[in-house]
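Engineer:
Protein chains in written order, with the numbering used here: chain U, 678 to 1061; chain Y, 678 to 1061.
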């Protein structure tokens, strides 16, 4: 068995020990615990903790944030659900607005979130060779964008490709959004300031017009469902209306963890000294195993330059079956992968990557990765 | 100051002690805690806990429930958001379906949840005198319902009125829904099996065609955001699709509390020996104070027979200002109440209760209730 499909963070004992201690610390302050369990928070969180978040994130995101820039949600997916529906589809003025994805592949979880159909407009990247068996997606600087976009969305690092758009690319997209007066959504679930799995690229700073989404899931706390949106105050107000009806109130447990983390500057330590070293090591191990078996089996392969996140994105140029068929064959051998065809919502052009790419997580044991990659390589070899 | 507007459950030290102990018990089982914090659950919860919920609720709801009947959400409001949008508005076949509220007043929180406008169809109750200064809303048995309803919705007890529809009334509404092949949503946030604040009326049993919604908020745990839907398996499957995109995953902390509660049969004890006696005593105290000052100030008043929930619903027949104006005047004296006009979404007929009713919570201290009701009575006297 090899479960290389999922998106669960790895089990890292040092991080888990910090989380268990934090859980315990929350329980020790009885009167505070009483309120955490027994009082409703505001729809997007309580003001004191939103202020604390603003203070902590102002440093990291290099902008004088206040609580009016901050909203808490039951996970960042929940925030995206409201955001994507607010900025796409039929607008109050009757126009129809689409969600622009400046580079596909892009996160699968956006695809079905909208209440109206036909809202995605996907744009092809440039595909650049980046050394032997390596490629990289970059922004097509010559791309012309249609007039009907209501929002641009990227994830950084990108799930699934592990791409980290450069600050130059971010700046160009941001300028476009400012010019068009549409928001620029940047999903930082794997990014900065935490878990900060963005390799060597510079972190993003907040600028007006951006909507940044942060999550506690990828630091290792997906069970808490805690996501944070950083945006201009009018966007936060809009989100607050959605949250009041769709959620009534944000949960208190995630913010209680955050309170301790921010007061004790835990996240910086966690990211720099536990999570990054762990995932870096794990990634190098996975790459060595994968390339070893790919070369043994003599298959054609290209790996997206792994710049950040939990995933390896593979392209098999000579494969004769689709990625969906490859998924089925792997599954018969108890190896789960994710077929890449899901990650191109709204794409109309032909793009070989849509049928020839797959996503693997490297957050699993060496044995699973070794077993899984061997089966995978043999199947690709057989069908090339 | 008297905050008689809010919907927060009361602070009950005996209940809070149980909650603190449960929190601690979860923390003691380290390997389980690791998974609670560090693993994604399914979109509507994990199968083992949904099975445990089915087992526990099967007894209470008198139906052979399985995990396929159970879905977990980040609060029952979150579940209602998906339910109301699934069953109202423009359907896949192009027809437009409305949400029927067989009795208004009805919970304010439904009103803005839908993505499309004009979806509520409200029906007037019979208003029956029920002793001196008491009235009660009952179902209008002669009501004819239009053909375009996609769902019927009630809360039991009803927020705001504290009404508890009789099982006869429930049966009639259920039959109508079965005949029309539309779901019958029953919000049991204050009802059975927990916190079970339904006075002397019999609890509801589950029958196919019903969609029951339960919440941990009113037992005293609103900070956990944990709601449960009990419904026919196809409805649960539909909800699972909504949850997968809108939430990605349900939180694990609420279900962890529930697991301990169900294994140790805590909720039954909590409801019968702590919550009901507490709220009963509190209600009697509030009624005595209210009626005392109303009679001292010689105002006309009627109280909806308080059958369950946290609220007293008051009707002032002779008042010369609107409930919204009364709210403003109270606020100037630092007394917050909720104006009743919010609780009639979709009502087109004239109904004096819409302008002359208010909602008060009785989950506050004796001093606050005494101060608030005196100010209220004096203002009503002045404007009658």
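Cβ coordinates follow ideal geometry from the N, Cα and C atoms, glycine included.
Is it right to say residue 839 (chain U) is buried, meaning 16 or more other beta carbons lie within 10 angstroms of its own, or is it exposed?
Structural biologist: buried
Engineer: Going by C-alpha distance, which of Y:802, Y:815, Y:1000, Y:1045 is nearest residue 967 (chain Y)?
Structural biologist: Looking only at Y:802, Y:815, Y:1000, Y:1045, the smallest Cα-Cα distance to residue 967 (chain Y) is reached by Y:1045.
Engineer: What does the Cβ neighbour count give for residue 705 (chain Y), buried or exposed, with the cut at 16 atoms within 10 Å?
Structural biologist: exposed
Engineer: To the nearest angstrom, report how far apart residue 747 (chain Y) and residue 721 (chain Y) are at their CA atoms.
Structural biologist: 8 Å
Engineer: Are residue 964 (chain Y) and residue 983 (chain Y) touching if we call contact CB-CB under 9 Å?
Structural biologist: yes
Engineer: Which residue marks the beginning of the beta strand (DSSP E) containing residue 815 (chain U), and which one marks its end?
Structural biologist: 811 to 815
Engineer: Please report the straight-line C-alpha distance between residue 866 (chain U) and residue 923 (chain U), rounded to a whole angstrom.
Structural biologist: 22 Å
Engineer: Anyone know if the C-beta pair for residue 899 (chain Y) and residue 700 (chain U) falls short of 9 Å?
Structural biologist: no
Engineer: Using beta carbons (cut-off 9 Å, strictly below), is residue 700 (chain Y) in contact with chain U?
Structural biologist: yes
Engineer: Determine the direct distance from the alpha carbon of residue 692 (chain U) to that of residue 1040 (chain U), and round the result to whole angstroms.
Structural biologist: 14 Å
Engineer: Measure the alpha-carbon distance for residue 937 (chain U) versus residue 739 (chain U) and round it to whole angstroms.
Structural biologist: Near 22 Å, if we compare the C-alpha coordinates of residue 739 (chain U) and residue 937 (chain U).
Engineer: Taking C-beta pairs closer than 8 Å, name the residues in chain U that residue 713 (chain Y) reaches, listed in chain order.
Structural biologist: 900
Engineer: Report yes if the CB atom of residue 892 (chain Y) is closer than 9 Å to the CB atom of residue 863 (chain Y), and no otherwise.
Structural biologist: no
Engineer: May I ask which residues mark the beginning and end of the alpha helix (DSSP H) holding residue 1045 (chain Y)?
Structural biologist: 1043 to 1059
Engineer: Using a Cβ-Cβ cut-off of 9 Å, state whether residue 736 (chain U) counts as contacting chain Y.
Structural biologist: No, residue 736 (chain U) does not count as interfacial toward chain Y.
Engineer: Using beta carbons (cut-off 9 Å, strictly below), is residue 817 (chain U) in contact with chain Y?
Structural biologist: no
Engineer: Since residue 797 (chain Y) meets chain U, which of its residues come closer than 7 Å, beta carbon to beta carbon?
Structural biologist: Correct list: empty, because the minimum Cβ distance to chain U is about 14 Å.
Engineer: With a 10 Å radius around its C-beta and 16 neighbouring C-beta atoms as the bar for buried, classify residue 887 (chain U) as buried or exposed.
Structural biologist: buried
Engineer: Indicate whether at least one CB of chain Y lies closer than 9 Å to the CB of residue 710 (chain U).
Structural biologist: yes
Engineer: What does residue 935 (chain Y) reach in chain U if we use C-beta pairs closer than 7 Å?
Structural biologist: Here the premise fails: no neighbours, minimum Cβ distance about 13 Å.
Engineer: Can you pull the chain Y neighbours of residue 697 (chain U), defined as C-beta to C-beta under 9 Å?
Structural biologist: Near residue 697 (chain U) (Cβ distances below 9 Å), the residues of chain Y are 704, 707, 710, 711, 714.
Engineer: Please go through the same chain and pick out, in chain order, the residues whose beta-carbon is closer than 8 Å to the beta-carbon of residue 976 (chain Y), but skip the five residues on each side of it.
Structural biologist: Cβ-Cβ distances below 8 Å link residue 976 (chain Y) to 993, 995, 1054, 1057, 1058, 1061 in the same chain, with the five nearest sequence neighbours on each side left out; the list follows chain order.
Engineer: Does the structure place the stretch 807 to 818 of chain U close enough to the stretch 747 to 767 of chain U that three or more beta carbon pairs sit under 8 Å?
Structural biologist: no
Engineer: Put residue 1009 (chain Y) into one of helix, strand or coil per three-state DSSP.
Structural biologist: Correct three-state label for residue 1009 (chain Y): helix.
Engineer: Starting from residue 748 (chain U), follow its DSSP beta bridges and name the residues at the other end.
Structural biologist: BP columns for residue 748 (chain U) point to U:906.
Engineer: Which residues of chain Y have a Cβ atom closer than 7 Å to the Cβ of residue 1062 (chain U), listed in chain order?
Structural biologist: Any question about residue 1062 (chain U) goes unanswered here, given that chain U covers just 678 to 1061.
Engineer: Under 9 Å between the Cβ atoms of residue 756 (chain U) and residue 904 (chain U)?
Structural biologist: The answer is yes: Cβ separation under 9 Å.
Engineer: Taking only beta-carbon positions, decide if residue 832 (chain U) is within less than 9 Å of chain Y.
Structural biologist: So, not an interface residue.
Engineer: Please state the DSSP three-state secondary structure of residue 678 (chain Y).
Structural biologist: In the displayed model, residue 678 (chain Y) falls within coil according to three-state DSSP, outside both helix and strand.
Engineer: Going by Cα to Cα distance, which pick from U:878, U:925, U:942, U:861 is closest to residue 906 (chain U)?
Structural biologist: U:861
Engineer: Quick one: give me the first and last residue of the alpha helix (DSSP H) that residue 731 (chain U) is part of.
Structural biologist: 724 to 738
Engineer: On the three-state DSSP scale, how would you describe residue 781 (chain U)?
Structural biologist: coil
Engineer: Using DSSP's beta-bridge definition, name the partner residues of residue 887 (chain U).
Structural biologist: U:861
Engineer: So which of U:1047, U:1049, U:1028, U:1036 has the shortest CA-CA distance to residue 804 (chain U)?
Structural biologist: U:1028
Engineer: Comparing C-alpha positions only, which one of U:744, U:902, U:766 sits nearest to residue 673 (chain U)?
Structural biologist: Chain U is shown from 678 up to 1061; residue 673 (chain U) falls before or after that span and cannot be answered.
Engineer: Runs of 3 residues minimum, wholly inside the stretch 958 to 1044 of chain Y: which ones carry the beta strand (DSSP E) assignment?
Structural biologist: Qualifying beta strand (DSSP E) stretches, in chain order: 979 to 981, 988 to 992, 1034 to 1038.
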